Amino acid sequence: MIDLRGRHFLSTLDFSSGELCAITDLALKIKRDEMHGRLPGKVLSLLFFNPSVRTRVSCESAMARMGGHAITLNPGKDTWNFEHGEGVVMDGNTQEHVKELAPVLSSFCDAIGIRKSELITTGANRAEVTASYDELKQDLFINRFTEFSNKPVINLESNSSHPLQGLADMATLKEEFGEPRGRKYVLTWAYHPKPLPVATPHSQLLAAADLGMDITILRPPGYDLDGEFVEAARNRTGAQGGSLEVTDDIDSAYDGAQAVCAKSWGSLEYYGRFDEEARMKQALKAAWIVDEAKLARTDDAIFMHCLPVRRNVVVTDGVIDSPRSVVLKEAENRLWTVAALLQCLLGG
Amino acid sequence: MIDLRGRHFLSTLDFSSGELCAITDLALKIKRDEMHGRLPGKVLSLLFFNPSVRTRVSCESAMARMGGHAITLNPGKDTWNFEHGEGVVMDGNTQEHVKELAPVLSSFCDAIGIRKSELITTGANRAEVTASYDELKQDLFINRFTEFSNKPVINLESNSSHPLQGLADMATLKEEFGEPRGRKYVLTWAYHPKPLPVATPHSQLLAAADLGMDITILRPPGYDLDGEFVEAARNRTGAQGGSLEVTDDIDSAYDGAQAVCAKSWGSLEYYGRFDEEARMKQALKAAWIVDEAKLARTDDAIFMHCLPVRRNVVVTDGVIDSPRSVVLKEAENRLWTVAALLQCLLGG
Amino acid sequence: MIDLRGRHFLSTLDFSSGELCAITDLALKIKRDEMHGRLPGKVLSLLFFNPSVRTRVSCESAMARMGGHAITLNPGKDTWNFEHGEGVVMDGNTQEHVKELAPVLSSFCDAIGIRKSELITTGANRAEVTASYDELKQDLFINRFTEFSNKPVINLESNSSHPLQGLADMATLKEEFGEPRGRKYVLTWAYHPKPLPVATPHSQLLAAADLGMDITILRPPGYDLDGEFVEAARNRTGAQGGSLEVTDDIDSAYDGAQAVCAKSWGSLEYYGRFDEEARMKQALKAAWIVDEAKLARTDDAIFMHCLPVRRNVVVTDGVIDSPRSVVLKEAENRLWTVAALLQCLLGG
Chain R
1 MIDLRGRHFL STLDFSSGEL CAITDLALKI KRDEMHGRLP GKVLSLLFFN PSVRTRVSCE
61 SAMARMGGHA ITLNPGKDTW NFEHGEGVVM DGNTQEHVKE LAPVLSSFCD AIGIRKSELI
121 TTGANRAEVT ASYDELKQDL FINRFTEFSN KPVINLESNS SHPLQGLADM ATLKEEFGEP
181 RGRKYVLTWA YHPKPLPVAT PHSQLLAAAD LGMDITILRP PGYDLDGEFV EAARNRTGAQ
241 GGSLEVTDDI DSAYDGAQAV CAKSWGSLEY YGRFDEEARM KQALKAAWIV DEAKLARTDD
301 AIFMHCLPVR RNVVVTDGVI DSPRSVVLKE AENRLWTVAA LLQCLLGG
Chain D
1001 MIDLRGRHFL STLDFSSGEL CAITDLALKI KRDEMHGRLP GKVLSLLFFN PSVRTRVSCE
1061 SAMARMGGHA ITLNPGKDTW NFEHGEGVVM DGNTQEHVKE LAPVLSSFCD AIGIRKSELI
1121 TTGANRAEVT ASYDELKQDL FINRFTEFSN KPVINLESNS SHPLQGLADM ATLKEEFGEP
1181 RGRKYVLTWA YHPKPLPVAT PHSQLLAAAD LGMDITILRP PGYDLDGEFV EAARNRTGAQ
1241 GGSLEVTDDI DSAYDGAQAV CAKSWGSLEY YGRFDEEARM KQALKAAWIV DEAKLARTDD
1301 AIFMHCLPVR RNVVVTDGVI DSPRSVVLKE AENRLWTVAA LLQCLLGG
Chain P
2001 MIDLRGRHFL STLDFSSGEL CAITDLALKI KRDEMHGRLP GKVLSLLFFN PSVRTRVSCE
2061 SAMARMGGHA ITLNPGKDTW NFEHGEGVVM DGNTQEHVKE LAPVLSSFCD AIGIRKSELI
2121 TTGANRAEVT ASYDELKQDL FINRFTEFSN KPVINLESNS SHPLQGLADM ATLKEEFGEP
2181 RGRKYVLTWA YHPKPLPVAT PHSQLLAAAD LGMDITILRP PGYDLDGEFV EAARNRTGAQ
2241 GGSLEVTDDI DSAYDGAQAV CAKSWGSLEY YGRFDEEARM KQALKAAWIV DEAKLARTDD
2301 AIFMHCLPVR RNVVVTDGVI DSPRSVVLKE AENRLWTVAA LLQCLLGG
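Taken in order, these protein sequences are the chains called R, D and P.
Going by the working numbering, the first residue of the first sequence is number 1, and it counts up by one from there.
Going by the working numbering, the first residue of the second sequence is number 1001, and it counts up by one from there.
Going by the working numbering, the first residue of the third sequence is number 2001, and it counts up by one from there.
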């Protein structure tokens, strides 16, 4: 087992492709065998500033099955309000600084997971704009927390990245293809009523890149992902003989695809000008849904999505319910990959 | 031990009287002996759309004592909003379909419990009317969820049924009477400031029926329980030589009773016309409280209530604090019966 | 190990100084050794009416590490509303009486912790005034609950006391000084934008008293702690040769101090007249912050605070980040002391 003790898991970019493959190989081994009792008495604290289903339940279940325990906190609801600014005179709304919070949780627990995204929303509401995208992608809270934590910090989704989803996608691609290298992987944008975060597509893109796939990012004009992540993906896949292209040509992108991963995200160009984006986006609605006709152009591609997914908006019932849909396997792999990661970070 | 692996526990009507007796006998055995360590590493996910004390704590405690773990989710607060409609274009408020939610939770956990009642409320507020009672009793969410779940689904209280309460009442009646068959059991309506759900009295009624008791449903005109459940109870108790009658004659109902189970519920006839019902109900307030005078007519009856109970509204302090009150034993049996059920559903 | 089975832990005043020292000695032993697996299958229920970080996570983590489990409830959010009045006709907003709640939780769990303070707030808001301080300090809910509980009840912070913080402070003082007896301990009031509870300073004061320290309470006029607790502290420390004085002379208080514990609290004289207090308090802001100049007067004192702390309001960054600050050790000792307490209360 690869030993990652003492490391944080904030972005897959902090790990080599080889390390990430080792974690996902361990995950697939755990899936076949048994994970009971591997982390007896270990405690993981989970801070969810945003809602969650898969992330929270997979983390809690993995810890419980391995003989450990996870504690879920909902900051701002069942805790104090937290501060991360340097030198701040704390006479306002915040009550506890990460300079205390991080070492205190570190002394009570063996690892801390944090989900903090200014972009995740529930229901039909849009996120409030609290800063520019360039500021938000700094992920200040989680990075400041990590600075003061003596125990591994795990990113449960920040503004920039969702590396646990990346691990699950890597495991799924390995499981489906054995050797994903050189296969055509399409990450396609899809219409959605709300401007969604870019963290997940960033980490999904990197997952394909760390496997050396031939990647096509298919998105309409104005919907480029963060260039920093696209370039990192290009370099990582290139290092293994893969390639990366960006296009808005739907037909050619689907042609010959072996994996189609659908995801909606908000336009970074329009970030904060949501009404403008909503008007512009209407024209894209019909053309960008993942449907049977598009899938028919592929080389019998598998269909991937991180979930939750809006049916008949992002993807048709026909595609997601088809035998080529691996979305449930991909979700299940969240459990096995986080179990593997926790063993690598905390195992003794 | 009776093996119920792979079954769902949505209603006691899905089980034979014999199977239910086997579960409750196991519960009473566990109560005397020991339940530690029987479900090591097993994980139960609990979805509470409504508040809970007994149900949640008994499930979590039972899992913990048996070496497993329960994860409590509060949908809509710490999760996405869920959809269960077929073929829906999900461009509104809902973000995740049970077609994904159910198999995903199934792959993370060994069983899933769901409390979803449109009729449960907290404090002094009434429930909002979202559909007719006939629609609500379909329990669409939990049934659709179950359709897509690969693991046992446990009803933690729906609009129609509260089968875990039914099991606890069966165990309590067995414990008190040894052989409850042929004893007079009165399920009496009581006044309450709000129109409460019928799920609990339905399952309590069936509990007495599965034990072959001579059942009297005592309620004022306009307060009939759902005929489908009353008929099922009549058939079930009749099959074992018991009987069922419905009356509004308070005195004759209490005469000779050996068990009095009090419960308030809203009028199905008035469902949605709550102000009208409230006015009509005022006249019933004084006459329907369970008090010492009524209990004095009985054959030294035990007093039962599912809890929580509004003291001096549903029942007087004098009755609930008397030695014939078994409400605390009945509540405690929630722990032993759910432990027994979980062993039957998940034990290996 | 000291055997406290069957006792409640509501206030350190219910225990002798010797018993409290035995608990904290055990805590420091556990800190050095190992606490895994000491409470297998034990279940602790935690009722948090108010937010928490340290208390909740330390309790949950301690139980998990010892092989048990803690269940956290947020009354009024995920439960019913509770009643504790005697003989009340419950036709209003409350749905469940502690006469049922306490024995029911007692039958499901091995111990129950309760945090219920009318004075704790989050963010920038002040607490609502629901009663006079003299009424609030009765801690009616927790005391009534305890009356009907068959299992140990642990105070997780009430209006009058926060005994778990007291234990952690005792452990920290023992750890720092070996023999704290006769050393100069200053509990200093500090400015804070909101009127905070007195529960924590009461228990901190008693912690120093149970160790026989020479205590100085440093506070501005109008900020006396509850006389009942001050007198108890005076008697307790006096019984061991220590002393207690109350002063508003900042310089003389700091002179020669070996431990400075900072805490803000609201004026009991002004309780409920918060705007008046806020105006009066402005004049104190600059003079009462714990800063480097004040610490320079001491005999190389350690700096203590219960956390969360408002940096640069209660204490400067320079002091809290200095090597003499033991606030993180003090917080970590919350884990070891609650583990020790739980072993004494529940161990078998």
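A virtual CB, placed ideally from N, CA and C, is assigned to each residue, including glycine.
These numbers come from a predicted model, not from an experiment.
Is DSSP giving residue i helix, strand or coil here?
i                  : result
Lys1042 of chain D : coil
Met304 of chain R  : strand
Asn2143 of chain P : helix
Leu2244 of chain P : strand
Ile1217 of chain D : strand
Ala259 of chain R  : strand
Ala2239 of chain P : coil
His69 of chain R   : strand
Arg352 of chain R  : The requested residue 352 of chain R does not occur in the structure, where chain R is confined to residues 1 to 348.
Thr1188 of chain D : strand
Leu2047 of chain P : strand
Phe177 of chain R  : helix
Ser2161 of chain P : coil
Val1309 of chain D : coil
Val1314 of chain D : coil
Ser267 of chain R  : coil
Phe9 of chain R    : strand
Val2326 of chain P : coil
Val2338 of chain P : helix
Val2319 of chain P : helix
Val1198 of chain D : coil
Measure how close the beta-carbons of residue i and residue j come, nearest whole angstrom, since I'm counting them as under 8 Å.
i                  : j                  : result
Leu1295 of chain D : Val1319 of chain D : 6 Å
Arg2297 of chain P : Asp2251 of chain P : 6 Å
Trp1189 of chain D : Trp1265 of chain D : 7 Å
Arg1038 of chain D : Met1066 of chain D : 4 Å
Lys2352 of chain P : Thr2200 of chain P : Lying before the first or after the last residue shown, residue 2352 of chain P is absent from chain P, which here runs from 2001 to 2348.
Ala2339 of chain P : Val104 of chain R  : Actually they do not touch by this definition, with Cβ atoms about 16 Å apart.
Flag this pair as yes or no: are the beta carbons of residue i and residue j separated by less than 8 Å?
i                  : j                  : result
Asn159 of chain R  : Asp139 of chain R  : yes
Arg2324 of chain P : Phe2303 of chain P : yes
Leu350 of chain R  : Leu173 of chain R  : There is simply no residue 350 of chain R to check, as chain R begins at 1 and stops at 348 in what is shown.
Gly113 of chain R  : Leu44 of chain R   : yes
Thr1146 of chain D : His1305 of chain D : no
Thr2122 of chain P : Trp288 of chain R  : no
Asp2214 of chain P : Gly2182 of chain P : yes
Pro2197 of chain P : Asp91 of chain R   : no
Leu1345 of chain D : Arg1005 of chain D : yes
Asn312 of chain R  : Val1089 of chain D : yes
Val327 of chain R  : Val290 of chain R  : no
Ser1017 of chain D : Gln1343 of chain D : no
- Given a limit of 8 Å on CB to CB distance, which residues of the region 2234-2256 of chain P reach chain R? none
- Enumerate, from N- to C-terminal direction, the unbroken alpha helix (DSSP H) stretches of 4 or more residues contained entirely within the region 73-157 of chain R. 98-108, 133-136, 140-147
- Which residues, in chain order, does the region 1095-1111 of chain D contribute to contact with chain R at a C-beta distance below 8 Å? Gln1095, Glu1096, His1097, Lys1099, Glu1100, Leu1101, Pro1103, Val1104, Leu1105, Ser1107, Phe1108, Cys1109
- Message: By the 8 Å beta-carbon criterion, what residues does the region 31-64 of chain R contribute toward chain P?
- Response: Pro40, Gly41, Val43, Ser45
- Query: Looking at chain P, which residues of the region 1284-1316 of chain D have a Cβ within less than 8 Å of any of its Cβ atoms?
  - Reply: Leu1307, Pro1308, Val1309, Arg1310, Arg1311, Asn1312, Val1313
- Query: What residues from the region 186-216 of chain R come within 8 Å of chain D, judged by C-beta to C-beta, listed N to C?
  - Reply: Pro193
- Taking Cβ-Cβ distances below 9 Å as the criterion, which residues of the region 2146-2176 of chain P are in contact with chain D? none
- Task: Using a Cβ-Cβ cut-off of less than 8 Å, give me the residues of the region 1112-1123 of chain D that come near chain P, in sequence order.
- Result: Thr1122, Gly1123
- Between the region 66-80 of chain R and chain D, which residues of the former have CB atoms less than 7 Å from a CB of the latter, in chain order? Asn74
- Query: Using Cβ-Cβ distances below 7 Å, what residues of the region 1121-1142 of chain D are close to chain R?
  - Reply: none
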